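Asker:
Number of protein chains: 2
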Amino acid sequence: MEKIICAGLGPGDPDLMSLRAARAVQGARHVAYFRKAGRQGQARRIVEGMLAEGCVEYAMEYPVTTELPADSADYIAALNGFYDDWAARLEKLAATEEVVVLCEGDPFFYGSFMHLHVRLRGRVEMEIVPGITGMSGCWTATGNPITWGNDILTVLPGTLPEDELARRMRESDAFVVMKTGRNLPKIKRALAKAGRLEAAMLVAHGTTRQERIARVTEMAEGDCPYFAIVLAHGGLKRG
Amino acid sequence: MEKIICAGLGPGDPDLMSLRAARAVQGARHVAYFRKAGRQGQARRIVEGMLAEGCVEYAMEYPVTTELPADSADYIAALNGFYDDWAARLEKLAATEEVVVLCEGDPFFYGSFMHLHVRLRGRVEMEIVPGITGMSGCWTATGNPITWGNDILTVLPGTLPEDELARRMRESDAFVVMKTGRNLPKIKRALAKAGRLEAAMLVAHGTTRQERIARVTEMAEGDCPYFAIVLAHGGLKRG
Chain U
1074 MEKIICAGLG PGDPDLMSLR AARAVQGARH VAYFRKAGRQ GQARRIVEGM LAEGCVEYAM
1134 EYPVTTELPA DSADYIAALN GFYDDWAARL EKLAATEEVV VLCEGDPFFY GSFMHLHVRL
1194 RGRVEMEIVP GITGMSGCWT ATGNPITWGN DILTVLPGTL PEDELARRMR ESDAFVVMKT
1254 GRNLPKIKRA LAKAGRLEAA MLVAHGTTRQ ERIARVTEMA EGDCPYFAIV LAHGGLKRG
Chain V
1074 MEKIICAGLG PGDPDLMSLR AARAVQGARH VAYFRKAGRQ GQARRIVEGM LAEGCVEYAM
1134 EYPVTTELPA DSADYIAALN GFYDDWAARL EKLAATEEVV VLCEGDPFFY GSFMHLHVRL
1194 RGRVEMEIVP GITGMSGCWT ATGNPITWGN DILTVLPGTL PEDELARRMR ESDAFVVMKT
1254 GRNLPKIKRA LAKAGRLEAA MLVAHGTTRQ ERIARVTEMA EGDCPYFAIV LAHGGLKRG
């Protein structure tokens, strides 16, 4: 019985991968990664040029993305079947081979790997290599610390209702909003209600060549990549 | 004019340093790091065996730690003088030499480097290399994902009043409490009030040889390292 290594690859720049993750990637004979059908996928893109010759690749392509509402029973059933299927395939493969699963960011922080992890635990040995989170790549790109001393930091999904977003923004010294994209107009209104609109930044693809940083007030609505995050820096309690 | 590189070293295991940070450390001719007087210091410990021969070390030793209350004017004045002094010394050094400042974790996430950064910005070129946070090392060590899907994650300082801690714990899917130590009895009471005591974990020195993981309910009071964190996993909204 071999094992599955889930390698956290960090925020996007391959140079920000950990030494351990880089070694796992370079030594891998079997790598698996999630992606949308027809795309290269962010995890695979990060390791471009690093895989050994003859390394076998398993692209785990999501069966559905935007065709079905994300909270519909059909969507959830399709995704569950997809994860069940890949868990079974990787379990079988790991009986004789070590498999490296590539994951952008930090695998245990909103990562997709956890859907395999919850299915395989107790059945396959797994090793998780943590990574630098995407949000860390983004706040580092802004050139300003996100949190100081006794700051409270909140990580919020942009899917929350507007008033709840506003309340939590108001009550946090620093915050990060994930899942922006089509939620940006609502997030902007919540920022304004919380008195945090002027200073809020939007960062997409932090640390990569596609990096983009703007004040939220400067963003045209409808022009927000889904993976962009909105962040407000703390440190306001300092003298 | 050379520059200052602040190298985020990650949670403790040197193997979890990024490729870029490792290169900066190994190539450094001048390294500076914070530590308590008389201690080796966590940042310096992480790079043990990695520094080049002849590398000059600058141990920036905090002038005061527990002798004065942390909110007293004397304490704040002493710390400000200390940061001013080191900012001036590093600025002078960086006029002719590249300097690598070693920082555990992720420099812009509650890091000490930001006290130099705020003093040196606009005066010296600085490059910040993000790192894996200490909390990420800790939740990875628990073997369970910290956040799923639309979870809200809150990072709380253990110095908050008990009722505020309890309220914020109750309102978060997942949370991390920093600065535990002597605050542990209060944190335990807050966890109980929030209905989160049973599942809460305490992790110290995640990813290092001193790693220690326990349920909070199993911790004897008075037996909590200051740098331990308390965490409660999300994922409760999953079916």
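Read top to bottom, the protein sequences are chains U and V. So for the first sequence, the working numbering puts the first residue at 1074; every next one is plus one. So for the second sequence, the working numbering puts the first residue at 1074; every next one is plus one. Yeah, the Cβ is synthetic: ideal placement off N, Cα and C, and Gly gets one too. Predicted model only: the values in this text are computed from it and were never measured.
1) Note down the Cα distance separating V/ASP1242 from U/VAL1250, rounded to an integer number of angstroms.
2) Is the number of C-beta pairs between the segment 1221 to 1236 of chain V and the segment 1277 to 1284 of chain V that are closer than 8 angstroms three or more?
3) Helix, strand or coil for U/GLU1198, going by three-state DSSP, please let me know.
4) Tell me, please, whether the CB atom of V/PRO1142 is closer than 8 angstroms to any CB atom in chain U?
5) Any beta-carbon of chain V closer than 8 angstroms to the one on U/PHE1182?
6) Check whether the segment 1080 to 1089 of chain U touches the segment 1115 to 1131 of chain U, counting contact only when three or more Cβ pairs, one atom from each stretch, lie closer than 8 angstroms.
7) Cβ of U/ARG1192 versus every heavy atom of the ligand SAH: is any distance shorter than 7 angstroms?
8) Skipping 5 residues on each side, what residues in its chain have a beta carbon closer than 6 angstroms to that of U/ARG1014?
9) From the DSSP output, which residues share a beta bridge with V/LYS1261?
10) In the DSSP assignment, what residue or residues form a beta bridge with U/ARG1285?
11) Among V/GLY1178, V/LEU1163, V/GLY1127 and V/ASN1153, whose alpha-carbon lies nearest the alpha-carbon of V/ARG1118?
12) Which whole-angstrom value describes the C-beta separation of V/ARG1108 and V/GLU1134, a residue pair presumed to lie in contact below a C-beta threshold of 8 angstroms?
13) Three-state secondary structure (DSSP) at U/GLY1231?
14) Contact between the segment 1294 to 1312 of chain V and the segment 1211 to 1222 of chain V is defined here as three or more beta-carbon pairs at a separation below 8 angstroms; is this criterion met?
15) For V/ARG1269, count neighbouring C-beta atoms within 10 Å of its own C-beta (all shown protein chains included) and say buried if the count is 16 or more, exposed if not.
16) Taking only three categories from DSSP, how would you classify U/GLU1134?
17) Under 7 angstroms between beta-carbons, which chain U residues line up against V/ALA1326? List them in chain order, please.
18) Residues of chain U with a CB under 9 angstroms from the CB of V/VAL1228: which are they?
19) Are at least three pairs of beta-carbons, each pair with one atom in the segment 1174 to 1194 of chain V and one in the segment 1148 to 1160 of chain V, less than 8 angstroms apart?
20) Are the C-beta atoms of V/SER1185 and some chain U residue less than 8 angstroms apart?
21) What residues from chain V crowd round U/PRO1136, counting only those whose CB sits closer than 8 angstroms?
22) Less than 6 angstroms between C-beta atoms, sequence neighbours within five positions excluded: which residues of the same chain meet that for U/ALA1267?
23) Would you say U/LEU1089 reaches chain V, if we count a Cβ-Cβ gap shorter than 8 angstroms as a contact?
24) Which of helix, strand or coil does DSSP assign to V/TYR1106?
25) Per DSSP, U/ILE1302 forms a beta bridge with which residues?
26) V/THR1039 CB to nearest chain U CB: under 8 angstroms?
27) Do V/ALA1293 and V/ARG1275 have their beta-carbon atoms positioned less than 8 angstroms apart in this structure?
28) V/VAL1172 to U/GLY1111, Cα distance in whole Å?
29) Note down, in chain order, all residues in the segment 1150 to 1179 of chain U with a beta-carbon under 8 angstroms from any beta-carbon belonging to chain V.
30) Check whether the Cβ atoms of U/ALA1097 and U/ILE1078 sit closer than 8 angstroms, and answer yes or no.
31) Can you confirm whether V/ILE1260, when its beta carbon is compared against all beta carbons of chain U, has any partner nearer than 8 angstroms?
32) Return the residue from the list V/ALA1168, V/ALA1132 and V/GLU1170 that minimises the CA-CA distance to V/TYR1156.
33) With a Cβ-Cβ cutoff of 8 angstroms, do U/LEU1082 and U/CYS1211 count as a contact?
34) Looking at the C-beta of V/HIS1278, does it have a partner C-beta in chain U at a distance below 8 angstroms?
35) Between U/GLY1295 and U/GLY1254, what straight-line distance do the alpha-carbon atoms span, to the nearest angstrom?
36) Let me check understanding here. Comparing Cα to Cα, which of U/ALA1095, U/CYS1128 and U/SER1091 lies closest to U/ALA1105?
Answerer: Checking against the coordinates, here is how it stands:
1) The sequence given here has Met at residue 1242 of chain V, not Asp. Answer to the nearest angstrom: the Cα atoms are 19 angstroms apart.
2) Too few Cβ pairs lie closer than 8 angstroms, so no.
3) U/GLU1198 falls in the strand class under three-state DSSP.
4) Cβ-Cβ to chain U under 8 angstroms: no for V/PRO1142.
5) Judged by the 8 angstroms Cβ criterion, U/PHE1182 is in contact with chain V.
6) Segments in contact, yes.
7) No copy of the ligand SAH occurs in the structure displayed, which carries no ligand at all.
8) Because chain U in this structure spans residues 1074 to 1312, residue 1014 of chain U falls outside the shown range and cannot be described.
9) Looking at the DSSP assignment, V/LYS1261 forms no beta bridge with any residue, so it has no partner.
10) Beta-bridge pairing links U/ARG1285 to U/ALA1277.
11) Comparing Cα-Cα distances from V/ARG1118 to each of V/GLY1178, V/LEU1163, V/GLY1127 and V/ASN1153, the minimum goes to V/GLY1178.
12) Contact annotation, V/ARG1108 with V/GLU1134: C-beta distance approximately 6 angstroms; criterion of less than 8 angstroms satisfied.
13) Three-state result, U/GLY1231: coil.
14) By the Cβ rule, the segment 1294 to 1312 of chain V counts as touching the segment 1211 to 1222 of chain V, because three or more pairs are nearer than 8 angstroms.
15) V/ARG1269 should be labelled buried.
16) Note: U/GLU1134 maps to strand in three-state DSSP.
17) This structure does not reach residue 1326 of chain V, given that chain V is present from 1074 up to 1312, and the question cannot be answered.
18) For a Cβ distance threshold of 9 angstroms, residue set THR1220, ASP1224, ILE1225, LEU1226, THR1227, VAL1228 and ALA1247 of chain U lies close to V/VAL1228, ordered along the chain.
19) As far as the Cβ criterion goes, the segment 1174 to 1194 of chain V touches the segment 1148 to 1160 of chain V, which means the pair count is three or higher.
20) Output row for V/SER1185: interface = no.
21) Simply none; closest approach about 17 angstroms.
22) Hits under 6 angstroms: ALA1239, MET1242 and ARG1243.
23) U/LEU1089 belongs to the set of residues whose beta carbon lies under 8 angstroms from a beta carbon in chain V.
24) Looking at V/TYR1106 - three-state DSSP - the assignment turns out to be strand.
25) In the DSSP output, where bridge partners are listed per residue, U/ILE1302 has U/VAL1276.
26) Because chain V here runs from 1074 to 1312, residue 1039 of chain V falls outside it and cannot be looked at.
27) Contrary to the premise, residue 1275 of chain V reads as Leu rather than Arg in this sequence. No Cβ-Cβ contact shorter than 8 angstroms links V/LEU1275 with V/ALA1293.
28) For the pair V/VAL1172 and U/GLY1111, the Cα-to-Cα distance works out to about 45 angstroms.
29) The residues in question are ASP1179.
30) Closer than 8 angstroms, so yes.
31) False, the Cβ-Cβ gap to chain U never drops below 8 angstroms.
32) For V/TYR1156, the closest of V/ALA1168, V/ALA1132 and V/GLU1170 by C-alpha to C-alpha distance is V/ALA1132.
33) Remark: C-beta atoms of U/LEU1082 and U/CYS1211 do not approach each other more closely than 8 angstroms.
34) Not an interface residue.
35) Answer to the nearest angstrom: the Cα atoms are 8 angstroms apart.
36) When only C-alpha atoms are compared, the closest one is U/CYS1128.
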